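As structure tokens, the structure follows; a few thoughts come after it.
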Amino acid sequence: MNAPQHGKFKDLVDPERGTLNRKLMADEEVYRLEQERVFARCWLFIGHESQIPDPRDFVSTYMGENPILLCRNDEGEIRAFLNMCTHRGNRVNRLDKGNARTFMCSYHGWTFDTNGALVGLPMAECYGDMDRSKWGLVSVAQLDVYKGLIFATFDPEAPSLKEYLGDAAWYLDMILDRREGGTEVVGPHRWSADANWKSAAENFGGDGYHIAASHGSGRKVGIDTTTSYTRGVGKGWHMHAGNGHVINAWAQSEDVKEGPWFAQPVPEIGDYMRENGAEIEERLGHARSHLFSPTGGTIFPNMSIHWLTYTIRVWHPRGPNKMEIWSWSIFDKAAPPKIKEIALDASLYRFSPAGVFEQDDMDNWAQVSSIASSVIAQRQPANYQTNIDLEIREHPEIPGLLGSIWSDSNQLDFHWQLACHLDAENWNEVNAQPSWNDLTRKRSTVNES
Ligand code: FES
Ligand SMILES: [Fe+2]
């Protein structure tokens with residue numbers, strides 16, 4: 001591979017030594033460039049199909065800082081637009097959700113239909129022969145759905161969603177495709193935190209190390225994100241699915257022969273999974289039914305999932321030191337109502353504005369983010385050296401590369417991918433740079449020869 005391994009932003013991450021310049025977490029220039037080169041370029045999760053089940057249903061959401069109107073048109077097809085009137089730029093839709101045939105701007109009354117077309121123009125005779133088709137709502141460049149999850153990108157050059165998710169889709173299926181009928185969501189819960197969005201994305205993407213120190217008190221009173229048995233065995237993997245998507249998982253211990261539900265923290269959900277084990281195994285196959293149980297993960301850049309507590313969320317950037325957190329509970333549509341209720345309670349009790357674990361995390365992320373803007377702090381790199389020299393390997397039944405769950409390899413993968421985007425003008429340049437997986441494979445080849 002001839003692509004350069006150095007660049008203004010790549011030089012802030014050292015995946016081999018395991019360090020990160022704290023500038024990446026605090027710098028105004030980094031933040032601004034992220035808006036252009038990450039959030040206006042990558043595929044971003046914008047909602048779940050179950051939020052807009054019927055024609056003309058709509059919800060408001062965001063892609064980075066851009067307000068988005070996500071809706072179904074009269075035919076039930078999904079559409080997403082910048083939530084901005086093309087006249088002077090008022091927010092065309094002020095509601096969080098609803099059902100509407102058209103959206104009338106409250107400023108001068110321009111009106112748009114569910115395909116974004118400008119269909120209402122007060123005093124139209126004053127506009128001469130203005131071509132209305134040029135003044136419709138600004139649409140996303142591409143939109144696609146993966147098993148209920150709606151994604152969009154503002155970059156027409158972005159690879160397809162299938163290609164973008166790559167091997168990560170295989171892991172997503174373990175929450176999205178366990179049962180016939182897929183999933184449904186409750187939410188979003190929305191709140192803000194005084195922290196950089198990446199502090200949360202990297203934490204969910206790989207930080208098993210923080211749990212004992214950060215969440216010890218919750219565990220003492222009996223609230224956990226897995227079983228104490230699983231944690232006691234302590235075996236697991238960092239999984240590198242490519243394109244910066246990173247997942248961590250508990251691996252099955254030799255003396256437990258049950259499926260991935262061995263790690264379920266809520267006994268009723270474990271029982272439910274066991275009862276439906278045959279269907280789950282038929283749908284997901286051997287590895288995803290017997291070898292491991294995903295815990296947390298991040299779909300690059302800012303969507304995270306916690307498989308064992310049924311939560312999905314987006315870390316919306318709101319400044320170097322601020323983010324909005326939008327969080328949904330997700331569960332199998334086919335589950336009995338009582339189980340859905342238990343799953344919802346279990347999810348909210350752990351991860352929500354009042355969640356036992358969420359509160360611990362947010363405080364740490366806020367401290368990390370605010371201190372990172374200190375000039376002196378930026379002279380001392382952040383340490384990401386946990387077990388990064390351990391062998392990273394391939395597994396015959398599992399896609400991507402596997403490291404140890406007790407390592408910083410996922411976090412370095414995430415930050416490296418971010419730096420590659422910041423150094424690149426466009427997708428061609430992103431693809432020409434060595435991914436973390438490329439670098440790691442190359443290193444292991446060098447070691448072997
Ligand atoms: S800003 Fe929307 S109609 Fe004028
Ligand atoms: Fe945590």
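Residue numbers 1 to 449, in my numbering, belong to the letters of the sequence shown in order. Note that CB positions come from ideal geometry on N, CA and C, so glycine has one too. Just so we're clear, the structure is a prediction, and the values are computed from it rather than from any experiment.
Reducing DSSP to helix, strand and coil, say where residue i ends up.
i    : result
L412 : helix
N383 : strand
S293 : strand
R231 : helix
C105 : coil
E16  : coil
S449 : Low per-residue confidence applies at S449: pLDDT is 46, beneath 50, and the placement is therefore not dependable, though the value from the model is reported in the following sentence. Note: S449 maps to coil in three-state DSSP.
L82  : strand
S374 : coil
T226 : coil
W406 : coil
E184 : strand
K442 : helix
I68  : strand
I269 : helix
A263 : helix
F9   : coil
Could you give the residue range of the alpha helix (DSSP H) that holds residue i?
i    : result
Y62  : Looking at the DSSP string, Y62 is not in any alpha helix (DSSP H); the run it does join, the beta strand (DSSP E), is D57 to M63.
A26  : K23 to A26
N431 : W427 to A432
Let me know if residue i comes out buried or exposed under the rule of 16 or more other beta-carbons within 10 Å of its beta-carbon.
i    : result
A419 : buried
N2   : Only weak support is given to the placement of N2: the predicted model assigns it a pLDDT of 46, under 50, and the value that follows is read from those uncertain coordinates. Label assigned to N2: exposed.
D389 : exposed
N437 : buried
V368 : buried
Q51  : buried
D27  : buried
N321 : buried
N428 : exposed
S133 : exposed
Q433 : buried
G128 : exposed
C126 : exposed
Q252 : buried
Y272 : buried
Taking only heavy atoms of ligand 1 into account, decide whether any of them is closer than 7 Å to the Cβ of residue i.
i    : result
W110 : yes
I89  : According to the sequence shown, residue 89 is Gly rather than Ile. G89 Cβ: within cutoff of ligand 1.
C105 : yes
C126 : no
C420 : no
C85  : yes
Relative to ligand 2, is the shortest distance from any of its heavy atoms to the C-beta of residue i smaller than 7 Å?
i    : result
F357 : yes
N410 : no
N93  : no
I312 : no
I211 : yes
N203 : yes
H238 : no
D360 : yes
H306 : no
S214 : yes
Shorter than 8 Å from the beta carbon of residue i to some beta carbon of chain B?
i    : result
L439 : Reference to chain B is not applicable here, since this structure consists of a single protein chain.
What residue range does the beta strand (DSSP E) around residue i cover?
i    : result
G218 : Taken as a continuous stretch (DSSP letters only), G218 belongs to no beta strand (DSSP E), being part of the alpha helix (DSSP H) at I211 to K220.
A249 : H245 to A251
G206 : Taken as a continuous stretch (DSSP letters only), G206 belongs to no beta strand (DSSP E), being part of the alpha helix (DSSP H) at W197 to G206.
V119 : L118 to G120
N93  : Per DSSP, N93 belongs to no beta strand (DSSP E) and is neither H nor E.
A241 : G236 to G242
L44  : L44 to H48
E394 : R393 to H395
May I have a chain-ordered list of the alpha helix (DSSP H) segments no shorter than 4 residues that lie completely inside the region 122-180?
161-165 and 168-176
In the region 272-342, which residue ranges form an unbroken alpha helix (DSSP H) of at least 4 residues, counting only runs that do not cross its ends?
277-284
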